[in-house]
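Participant: Residue numbers (the working numbering), protein chains in the order written: chain A, 534 to 835; chain B, 8 to 126. Take this structure, written in structure tokens, and hold onto it; I'll ask about it next.
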Amino acid sequence: MNAPTNANATPRTLDEYLEQVREALAGADPAVIQDALYDAEEHVRSELAEHRNLDEATVIAKVASSYGSPEEVAAIYRDTEVRVTRALRTPPAPTRKSALGTFFGVATDPHTYGALFYMLLALATGIFYFTCAVTGISMSLGFAVLIIGIPFVVLFLLTVRVLSLVDVRIVETMLGVRMPRRPPYTDRSQPILTRIKEMFTDPRTWSTLLYMVLMLPLGIAYFTLAITGLSLSLGFAAGGIAGVLFGVGLVDIDVVGYTPPLWTAPLIAVGGVLLFFVVLHVVRGLGRMHGQIAKNLLVKAG
Amino acid sequence: MDTEPHVRKFQKELSAGTVALVLLVVLARATEPMYGYQIAKQLEQGDGALAGKQSALYPVLRNLHAAGLLDSHTEPSVAGPPRRYYRITDLGHRVLADWLATWGDTRDFVENMLKDFRP
């Protein structure tokens, strides 16, 4: 690990302390960094509130020995993250060596089904987010000339933040991508106007809006892919058998059924089953991709 | 030979194994929800493996919460930052009872093994 440039400079203010924690955690998952910074800020602010008679530098020095120096804090969070990921989360699907095992093993990975459900749900959430974002933006612009313009924009952006927190939880649960479990820290000691200003200058507010708009096309694509993939593969898998048992054609056009030769029925059934697993792979891959999109747009980079 | 790194490693492992139990006991004894800083201050007294860096407590609290053993909510405070309060759940109480039994057995076993040993 590279030593940060100011590793030796003792932090004297809360901001310096947090900055050094952030630096010491450089390269870690942004979600871990956000959690670590939240916890540190909560603790240090409590300590500061407890010792109002001491100056900030003294309290920070005290914190560095009780709570931990930035490097120690970083080490603890890196460690805990590894241990917890191992102990508390859904056990990862056993890694299979053989190519066959890798191919069929996708069916035993819980995240595959999480991703599948997420893709089916994405149409609904996508429409909801998109409507919310577009309505909010246009009403904000429309109200801008009126006296209620400013409060409306602020309310709208607050809603956007809450929705982003909800989505972060959904993404972590269903797609298994590590996301922050704490909201970004808001400093309540600041005057309300400063906090509102921060909300406007925070790039995450705007990237969240982008994410909400983007969710409509993504949601439509996910939903369509999932439905098409499932019905096609299951149709083939069952269709071959149905053709043999009930004489139903695989393709029925204007009552004229096209039935493939009987000997192909088993092949079609097997092909359908294989296609089903391919679809599961695609679903899991898309789930991971979406997790990365969500992480980049909803979580502040470390 | 310097024994310091070995001592530290041992402390770290002991604390990793017991800190969740101690946190659960602290919260089970408390009559009202507590926030991280209060809990940290309670653990400040005493030496030994658990008197380590307090930053180690927060991730553990969060994990206990994620596992359903603790309930939590944030409240704005009058004179400081918003605080995340923790309270033990029913599941937490039941798990704690089991953990205490396990701890008792482990402690007796270890004491028993160390009893007649003179370095």
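By construction, the Cβ of each residue, glycine as well, lies at the ideal position given by its N, Cα and C atoms.
If we define contact as Cβ-Cβ less than 8 Å, is residue 573 of chain A a contact residue for chain B?
Facilitator: Yes, residue 573 of chain A lies at the interface with chain B (some Cβ there is under 8 Å from its Cβ).
Participant: Can you tell me where the alpha helix (DSSP H) with residue 550 of chain A in it begins and where it stops?
Facilitator: Where residue 550 of chain A is concerned, the enclosing alpha helix (DSSP H) stretches over 547–557.
Participant: Going along the chain, which residues of the stretch 759–779 of chain A sit with their C-beta nearer than 9 Å to a C-beta in chain B?
Facilitator: Answer set for the stretch 759–779 of chain A: empty.
Participant: Starting from the N-terminal side, write out each stretch of the alpha helix (DSSP H) that is 4 residues or longer and does not extend beyond the stretch 641–726 of chain A.
Facilitator: Here the runs fully enclosed are 643–676 and 682–708.
Participant: In its own chain, which residues sit with a C-beta less than 7 Å from the C-beta of residue 742 of chain A, not counting the 5 before and 5 after it?
Facilitator: Excluding residues within five positions, the ones whose Cβ falls inside 7 Å are 666 and 693.
Participant: Output the distance between the C-alpha atoms of residue 90 of chain B and residue 82 of chain B, rounded to the nearest integer angstrom.
Facilitator: Cα to Cα, the separation comes out at about 5 Å.
Participant: So, are the CB atoms of residue 756 of chain A and residue 808 of chain A less than 8 Å apart?
Facilitator: Cβ atoms of residue 756 of chain A and residue 808 of chain A: not closer than 8 Å.
Participant: Could you tell me how far apart the beta carbons of residue 600 of chain A and residue 565 of chain A are, in whole angstroms, since I believe they sit closer than 8 Å?
Facilitator: The Cβ separation is near 17 Å, so there is no contact.
Participant: Would you check if the stretch 31–51 of chain B and the stretch 95–114 of chain B touch, i.e. whether three or more CB-CB distances between them fall below 8 Å?
Facilitator: Yes: at least three Cβ pairs fall under 8 Å.
Participant: Enumerate in chain order the residues of its own chain whose CB-to-CB distance from residue 647 of chain A is below 8 Å, with the five nearest sequence positions on each side excluded.
Facilitator: Answer for residue 647 of chain A: 706, 707, 708, 709 and 820, listed in chain order.
Participant: Which residues share a DSSP beta bridge with residue 97 of chain B?
Facilitator: DSSP, once it has assigned bridges, lists no residue as partnering residue 97 of chain B.
Participant: Of all the CB atoms in chain A, is at least one closer than 8 Å to the CB of residue 61 of chain B?
Facilitator: Interface residue, yes.
Participant: Name, please, each residue of chain B whose Cβ falls closer than 7 Å to the Cβ of residue 610 of chain A.
Facilitator: In chain order: 66.
Participant: Is it true that the stretch 62–73 of chain B meets the stretch 108–125 of chain B, where meeting means three or more beta-carbon pairs spaced less than 8 Å apart?
Facilitator: The answer is no - the stretch 108–125 of chain B does not touch the stretch 62–73 of chain B, with fewer than three Cβ pairs under 8 Å.
Participant: Give the residues of chain B in contact with residue 836 of chain A, contact being defined as C-beta atoms less than 8 Å apart.
Facilitator: Nothing can be reported for residue 836 of chain A, as the shown portion of chain A is limited to 534 through 835.
Participant: Identify the residues that DSSP records as bridge partners of residue 41 of chain B: which are they?
Facilitator: Partner(s): B:93.
Participant: When you compare the CB of residue 709 of chain A with every CB in chain B, is at least one pair closer than 8 Å?
Facilitator: No, no contact with chain B.
Participant: What are the residues that DSSP puts in a beta bridge with residue 78 of chain B?
Facilitator: Bridge partners of residue 78 of chain B: B:94.
Participant: Could you work out which residue in A:607, A:750, A:586 and A:682 is closest to residue 560 of chain A when comparing CA atoms only?
Facilitator: The shortest Cα separation from residue 560 of chain A among A:607, A:750, A:586 and A:682 belongs to A:607.
Participant: Answer with yes or no whether the minimum CB distance from residue 94 of chain B to chain A is below 8 Å.
Facilitator: Chain A, which has no Cβ nearer than 8 Å to the Cβ of residue 94 of chain B, makes this no.
Participant: Mind listing which residues of the stretch 637–652 of chain A have their C-beta closer than 8 Å to chain B's C-betas, in chain order?
Facilitator: Cβ contacts with chain B come from no residue of the stretch 637–652 of chain A.
Participant: If you run the structure through DSSP and keep just helix, strand and coil, what is residue 600 of chain A?
Facilitator: Coil at residue 600 of chain A, not helix or strand.
Participant: Name the chain B residues that come within less than 7 Å of residue 727 of chain A, Cβ to Cβ?
Facilitator: Under the 7 Å cutoff, chain B gives no residues; its nearest Cβ is about 15 Å from residue 727 of chain A.
Participant: Would you identify the three-state DSSP class for residue 832 of chain A, choosing helix, strand or coil?
Facilitator: Correct three-state label for residue 832 of chain A: coil.
Participant: Among residues of its own chain, excluding the 5 on either side of residue 810 of chain A, which ones have a beta-carbon nearer than 8 Å to its beta-carbon?
Facilitator: Here the set comprises 636, 637, 639 and 640.
Participant: Hey, quick one: how far does the alpha helix (DSSP H) through residue 523 of chain A stretch, first residue to last?
Facilitator: No answer is possible for residue 523 of chain A: it lies beyond the span of chain A, which begins at 534 and ends at 835.
Participant: Count the other C-beta atoms from every protein chain shown that fall within 10 angstroms of the C-beta of residue 123 of chain B, then say buried if there are 16 or more, exposed otherwise.
Facilitator: With fewer than 16 other Cβ atoms within 10 Å, it is exposed.
Participant: Below 8 Å, can you find three or more Cβ-Cβ pairs linking the stretch 743–752 of chain A to the stretch 822–830 of chain A?
Facilitator: Touching, yes.
Participant: Which same chain residues, not among the five before or five after residue 812 of chain A, have their C-beta less than 7 Å away from its C-beta?
Facilitator: Around residue 812 of chain A: 762, 763 and 766.
Participant: When the cut-off is 8 Å and only beta carbons count, does residue 90 of chain B lie next to chain A?
Facilitator: Yes, contact with chain A.
Participant: So which of A:695, A:654 and A:669 has the shortest CA-CA distance to residue 746 of chain A?
Facilitator: Looking at the Cα atoms, A:669 is the closest of the given residues.
Participant: For the alpha helix (DSSP H) holding residue 10 of chain B, just list the boundary residues, first then last.
Facilitator: First-last for residue 10 of chain B: undefined, no H or E at that position.
Participant: Which first and last residues belong to the alpha helix (DSSP H) in which residue 633 of chain A is found?
Facilitator: Counting along the chain, the alpha helix (DSSP H) containing residue 633 of chain A begins and ends at 632–638.
Participant: Less than 8 Å between C-beta atoms, sequence neighbours within five positions excluded: which residues of the same chain meet that for residue 35 of chain B?
Facilitator: The answer, listed in chain order, is 95, 99, 100 and 103.
Participant: Which bits of chain B does residue 659 of chain A rub up against, with CB to CB less than 8 Å?
Facilitator: Neighbours of residue 659 of chain A on chain B: none; closest Cβ ~28 Å, over 8 Å.
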